[in-house]
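Participant:
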Amino acid sequence: MMQITDLKTEQKIPPLLRLGFRPFFLSGALFSIFAVTLWLLIYKGTIGLSPLGGGYWWHIHEMIFGFGGAIIAGFLLTAVHIWTGVRG
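Everything in the sequence shown is counted per this note's numbering, starting at 2 for the first residue and increasing by one.
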């Protein structure tokens, strides 16, 4: 199926939002920077944080649901875009 998109309409959309996967990969990268910074502050003792279950379980939870969730959502939005053949 061919889609004809008005170029002026497409150019009004910011490049970051033109394709659905871009915000998720960006948020995954930003979250990883935030999480590593927070971990370093906790490790040095600057911030006194004692999460339920300890740091080990907190790390597992954040990597799976924080970073992993954003990357999986970005991948699926990329794959669906290609699998369906619909232009973004």
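Even for Gly, the Cβ is constructed at its ideal location relative to N, Cα and C. Keep in mind the model is a prediction, meaning the values are calculated, not measured.
1) Can you give the Cα-Cα distance for Leu42 and Ser28, rounded to whole angstroms?
2) Which two residues bound the contiguous alpha helix (DSSP H) that contains Thr29?
3) Give me the Cβ distance between Gly70 and Phe26, rounded to the nearest whole Å; I'm assuming they're in contact under 8 Å.
4) Beta-carbon separation of Thr85 and Phe22 under 7 Å?
5) Quick check on DSSP: helix, strand or coil for Val81?
Facilitator: Let me lay it out:
1) Along the sequence shown, one-based indexing puts residue 42 at 41. Along the sequence shown, one-based indexing puts residue 28 at 27. Taking the straight line from one Cα to the other gives about 21 Å.
2) Here the question's residue 29 lines up with position 28 in the sequence shown. In the sequence as displayed, the identity of residue 29 is Gly instead of Thr. Start and end: 23–45.
3) Your numbering for residue 70 matches position 69 in the sequence shown. Your numbering for residue 26 matches position 25 in the sequence shown. So it is not a contact: roughly 12 Å between Cβ atoms.
4) As a first step, residue 85 must be located in the sequence shown, where it is residue number 84. As a first step, residue 22 must be located in the sequence shown, where it is residue number 21. Against a cut-off of 7 Å, the Cβ pair of Phe22 and Thr85 comes out as no contact.
5) Translated into the one-based positions of the sequence shown, residue 81 becomes position 80. Helix, per DSSP.
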